[in-house]
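As you go down the protein sequences, you meet chains A and B in turn.
Counting from 1 along the first sequence, just add 1 to a position and that's the residue number in the working numbering.
Counting from 1 along the second sequence, just add 118 to a position and that's the residue number in the working numbering.
Beta carbons: idealized from backbone N, C-alpha and C, even for Gly.
Predicted model, so just to flag it, every value in this text is computed and none were measured.
Take a look at the structure below.
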Amino acid sequence: MTALAVVTTRRLALGGPTLRVGVLSTGLAARDRHNGALLGVEEAQHAAELFGGRAELVAVDTVRGRIPPLTAVLGDDSLATSLALAKVAGADRLFMNVACSSDDLRGGQCSAFTFHVAPSDGMTRDARAQTPGAGDVVAWDGSLVRFGADTLNDRFRKRFGTSMNSASWASWFAVKALWESSLRMKTTDARQLAEYLTRDTTQFDGHKGRPLSFRAWDHQLRQFVYARVGAKLTDVPQSASPETTSRQFLDKLGADSAASACRLVP
Amino acid sequence: MKHRLAHAAGALVMLAMPTSHIAVPPHPMAFVSNEGTHDVSVVDVATNRTIATIPLAGRARGIHLSPDDRTLYVATSDDNPRPASKANGIAVIDVATRRVTATYHVGSDPEQFALTPDGRFIYTSNEDGGTATAIDARTGRHVATLVVGIEPEGVAVSPDGNWILVTAETSNSLSVIRRKDNKVVDNLLVDLRPRAAAFSPDGSRVYVTAEISGTLSVIDAKTHALLKTIVLDRGEAKPVGVAVSPDGSRVYVAGGWSGTLTVIDAATFRILASVPVGKRPWGVAVSADGRRIYTANGMSDDVAVVDAETHKIVARITVGRRPWGIALTK
Numbered sequence: 002m003t004a005l006a007v008v009t010t011r012r013l014a015l016g017g018p019t020l021r022v023g024v025l026s027t028g029l030a031a032r033d034r035h036n037g038a039l040l041g042v043e044e045a046q047h048a049a050e051l052f053g054g055r056a057e058l059v060a061v062d063t064v065r066g067r068i069p070p071l072t073a074v075l076g077d078d079s080l081a082t083s084l085a086l087a088k089v090a091g092a093d094r095l096f097m098n099v100a101c102s103s104d105d106l107r108g109g110q111c112s113a114f115t116f117h118v119a120p121s122d123g124m125t126r127d128a129r130a131q132t133p134g135a136g137d138v139v140a141w142d143g144s145l146v147r148f149g150a151d152t153l154n155d156r157f158r159k160r161f162g163t164s165m166n167s168a169s170w171a172s173w174f175a176v177k178a179l180w181e182s183s184l185r186m187k188t189t190d191a192r193q194l195a196e197y198l199t200r201d202t203t204q205f206d207g208h209k210g211r212p213l214s215f216r217a218w219d220h221q222l223r224q225f226v227y228a229r230v231g232a233k234l235t236d237v238p239q240s241a242s243p244e245t246t247s248r249q250f251l252d253k254l255g256a257d258s259a260a261s262a263c264r265l266v267p
Numbered sequence: 119m120k121h122r123l124a125h126a127a128g129a130l131v132m133l134a135m136p137t138s139h140i141a142v143p144p145h146p147m148a149f150v151s152n153e154g155t156h157d158v159s160v161v162d163v164a165t166n167r168t169i170a171t172i173p174l175a176g177r178a179r180g181i182h183l184s185p186d187d188r189t190l191y192v193a194t195s196d197d198n199p200r201p202a203s204k205a206n207g208i209a210v211i212d213v214a215t216r217r218v219t220a221t222y223h224v225g226s227d228p229e230q231f232a233l234t235p236d237g238r239f240i241y242t243s244n245e246d247g248g249t250a251t252a253i254d255a256r257t258g259r260h261v262a263t264l265v266v267g268i269e270p271e272g273v274a275v276s277p278d279g280n281w282i283l284v285t286a287e288t289s290n291s292l293s294v295i296r297r298k299d300n301k302v303v304d305n306l307l308v309d310l311r312p313r314a315a316a317f318s319p320d321g322s323r324v325y326v327t328a329e330i331s332g333t334l335s336v337i338d339a340k341t342h343a344l345l346k347t348i349v350l351d352r353g354e355a356k357p358v359g360v361a362v363s364p365d366g367s368r369v370y371v372a373g374g375w376s377g378t379l380t381v382i383d384a385a386t387f388r389i390l391a392s393v394p395v396g397k398r399p400w401g402v403a404v405s406a407d408g409r410r411i412y413t414a415n416g417m418s419d420d421v422a423v424v425d426a427e428t429h430k431i432v433a434r435i436t437v438g439r440r441p442w443g444i445a446l447t448k
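Okay, structure coming up:
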């Protein structure tokens with residue numbers, strides 16, 4: 002893997018660990034993924050002004066070659082590339098899957114140091130099945146408003162002049178989950194971050210109205226997706242019973258632990 | 119229709135009275151900011167009726183009275199936030215005449231703010247700038263701009279006026295500002311999407327709501343140590359506004375999208391009641407005698423009045439569209 006350039010770095014006097022995030026510049030929607038990650042890193046830098054530490058974004062153009070020191074790398078939509086990144090992800094570097102929807106990557110080919118922010122194909126199928134008349138199913142849309150989605154969309158639009166989409170949201174969220182974990186754990190050590198990300202008590206706000214968390218059994222992010230029905234976007238899943246927790250509710254999408262081919266949790 | 123008539127009647131009364139002779143009402147009043155109708159409903163709390171409406175230039179949200187109850191401050195902004203919008207500002211309203219006397223410009227999309235107990239300074243959160251701004255409450259003059267967390271929201275001032283707290287929703291942080299030199303002296307990580315903060319009346323504690331975690335954090339105001347995390351409705355509540363009874367014994371949390379008012383015993387941290395008050399209660403306020411709690415129910419277009427002893431709703435007051443916050447006279 003070759004690092005092309007350090008895109009943005011703010012050296013802060015406060016000390017603390019440096020979060021180095023690589024973003025792959027290959028595949029579909031590379032610019033959107035880059036912009037989402039850049040907004041995430043800029044927000045990490047803002048947080049570092051308050052709490053210490055540093056954050057850097059590194060553009061990466063290939064998965065071949067020597068691997069530079071990174072806390073995590075954000076992949077692209079290619080299954081082959083994602084499998085290569087998952088294979089080399091380990092205690093020194095996490096792979097944050099922000100674009101590849103393959104069920105196999107989360108199933109038989111799953112890996113302990115890989116975390117999936119992009120919804121899986123299975124989640125999209127379930128969302129369609131639960132939403133009569135559904136067309137596109139997306140992880141994010143620039144028209145979302147509730148739960149601070151409007152302010153996030155505004156920030157993105159002001160910064161880049163375009164709407165935040167699924168690719169940019171997933172990259173922004175992946176970086177947010179990393180810097181938030183890093184602040185709470187006071188480390189950028191990939192092994193410790195991976196352990197934190199899979200704790201029962203760890204959750205994040207992704208401006209989707211419910212706490213988002215990674216499933217222990219396959220490291221897929223529990224989240225709402227949005228199904229387009231005509232001109233309207235519908236949150237999926239819908240209609241939780243009052244006694245249902247957010248985790249149970251969001252697990253209505255995708256493979257549950259019994260159905261998953263991944264065996265990260267015995 | 120009843121609602122419209124009430125507003126119209128209030129307006130006629132205002133026009134008929136010579137404004138220079140109107141005194142501050144002798145009995146308590148409530149002022150309710152309405153996001154949807156861009157105005158403030160004036161409520162006579164003795165009769166629980168809206169008696170007048172004060173039109174404003176934009177979407178009305180944060181609302182506070184001066185310590186002498188003579189001036190009302192309301193944050194207004196555009197429905198679609200734009201930095202250059204003329205609707206952005208803090209409207210200064212003379213309570214006696216119910217007229218806007220000035221508008222202070224405090225950056226784009228102002229939402230929440232707080233007033234120091236001496237009435238001299240206003241601290242606002244600038245949501246899209248990651249900053250808080252201090253202005254002179256009498257002149258609107260800019261005093262300081264401070265870097266706080268990302269997407270700042272709730273603002274609270276300690277009872278002694280020495281400390282200002284600003285929550286930030288994206289960084290899940292609480293910034294502590296020292297009033298005497300306007301410096302951020304500490305930043306704390308709190309639960310997910312902190313919305314509002316309130317001090318206990320003795321200034322010893324801080325209560326912070328976290329909308330996405332569904333929790334209320336109790337923080338020692340002196341050491342900044344977390345004393346307790348109170349999980350609301352198994353973490354599935356959506357707490358937003360928070361207020362403390364005048365004697366400090368009760369904490370009231372407006373449940374936002376969960377539609378409830380949660381009553382908490384401040385000594386034991388036990389949840390005493392969860393009262394369904396309406397759709398999306400956002401702002402919450404307690405009467406000066408501690409006997410009534412008021413919630414602004416954003417999607418019900420009303421204010422619920424809850425008895426502090428029985429935890430029953432004793433009145434519903436129709437106000438403008440999408441009520442947001444409440445300020446009560448003493």
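**OP:** Could you tell me whether any Cβ in chain A is nearer than 8 Å to the Cβ of B:R398?
**Re:** no
Original post:
Quick one: which chain A residues come within Cβ less than 8 Å of B:N290?
Top reply: E181, D206
**OP:** Select from A:A30, A:W218, A:D206, A:P212 the residue whose C-alpha is nearest the C-alpha of A:E196.
**Re:** A:W218
**OP:** Report the partner residues of A:L95 according to the DSSP bridge assignment.
**Re:** A:A73
Subject >> DSSP beta-bridge partners of A:S214 >> reply: A:R223
Original post:
According to DSSP, which residues form a beta bridge with B:Y412?
Top reply: B:A403, B:V423
Subject >> Buried versus exposed call for A:E244 [16 or more other C-beta atoms within 10 Å across all chains shown] >> reply: exposed
Original post:
What runs of the beta strand (DSSP E), each 3 residues or longer, lie entirely inside the segment 85-158 of chain A?
Top reply: 95-98, 115-117
Original post:
Within the 8 Å Cβ cut-off, does A:P212 reach chain B?
Top reply: yes
Original post:
Does any C-beta atom of chain A lie closer than 8 Å to the C-beta of B:S195?
Top reply: no
Original post:
Taking DSSP as the reference, what is the three-state secondary structure of B:M147?
Top reply: strand
Original post:
With contact counted as at least three CB pairs below 8 Å, one residue from each stretch, are the segment 130-141 of chain A and the segment 220-230 of chain A in contact?
Top reply: yes
Subject >> Inter-stretch contact (C-beta, 8 Å, three-pair minimum) for the segment 160-172 of chain A and the segment 185-200 of chain A >> reply: no
Subject >> Straight-line gap, B:I435 to A:G28 (C-alpha atoms, nearest Å) >> reply: 57 Å
Subject >> Bridge partners - A:V237, DSSP secondary structure assignment >> reply: A:V226
Original post:
What's the C-alpha gap between B:I408 and B:D365?
Top reply: Correcting the residue type first, residue 408 of chain B is Gly in the shown sequence and not Ile. The alpha-carbon atoms of B:G408 and B:D365 are separated by roughly 8 Å.
**OP:** Give the DSSP-derived three-state secondary structure of B:R398 in the structure shown.
**Re:** coil
**OP:** Taking 8 Å as the threshold, find out whether the segment 100-118 of chain A comes into contact with the segment 56-72 of chain A through three or more Cβ pairs.
**Re:** no
Subject >> C-alpha distance - A:S121 paired with B:V210, whole-angstrom precision >> reply: 52 Å
Subject >> Chain-order list of residues whose beta-carbon lies under 7 Å from that of B:M132 (same chain, five-residue window excluded) >> reply: Because the pLDDT at B:M132 is just 36, under 50, the model does not fix this residue reliably, and the point stays unresolved.
Original post:
Between which two residues does the beta strand (DSSP E) harbouring B:G207 extend?
Top reply: 207-212
Subject >> A:S242 classed as buried or exposed, judged by whether at least 16 other C-beta atoms fall within 10 angstroms >> reply: exposed
Subject >> B:H139 classed as buried or exposed, judged by whether at least 16 other C-beta atoms fall within 10 angstroms >> reply: Any reading at B:H139 needs caution, since the residue's pLDDT is 43, under 50, leaving its predicted position unreliable; the model's value is listed next. Per the 10 Å Cβ criterion, exposed.
Original post:
Is the beta carbon of B:T347 less than 8 Å from the beta carbon of B:S363?
Top reply: no
Original post:
Going by the beta-carbon positions, is the gap between B:R297 and B:G279 smaller than 8 Å?
Top reply: yes
Original post:
Mind checking whether B:A250 and B:T257 have CB atoms under 8 Å apart?
Top reply: no
Subject >> Straight-line Cα distance separating A:L153 from A:A85 >> reply: 32 Å
Subject >> chain B contact residues for A:S167, given Cβ-Cβ distances below 8 Å >> reply: Residues of chain B passing the Cβ test: none, with the nearest at roughly 19 Å.
**OP:** Run the CB neighbour count on B:L264, radius 10 Å, all protein chains shown included, and call it buried at 16 or more, exposed below.
**Re:** buried
Subject >> Local conformation of A:V8 per DSSP, three classes >> reply: For A:V8, the pLDDT reaches just 39, beneath the cut-off of 50, and the residue's location in the model is therefore unreliable, leaving the point undetermined.
Original post:
Of all the residues that make up the segment 38-62 of chain A, which are near chain B by a beta-carbon distance shorter than 8 Å?
Top reply: E44, H47, A48, E50, L51, F52
Subject >> Cutoff 8 Å; reference A:F205; Cβ partners in own chain excluding five residues on either side >> reply: F174, K177, A178, E181, P212, L213, S214
Subject >> DSSP state of A:T82 mapped onto helix, strand, coil >> reply: helix
Original post:
CB-CB under 7 Å to A:D252, same chain, minus the five flanking residues each way: which ones, in chain order?
Top reply: R223
Original post:
In chain B, which residues lie with their C-beta within 7 Å of the C-beta of A:L184?
Top reply: L307
**OP:** Would you kindly work out how many angstroms separate the C-alpha atoms of A:L40 and B:A148, rounded to a whole number?
**Re:** 42 Å
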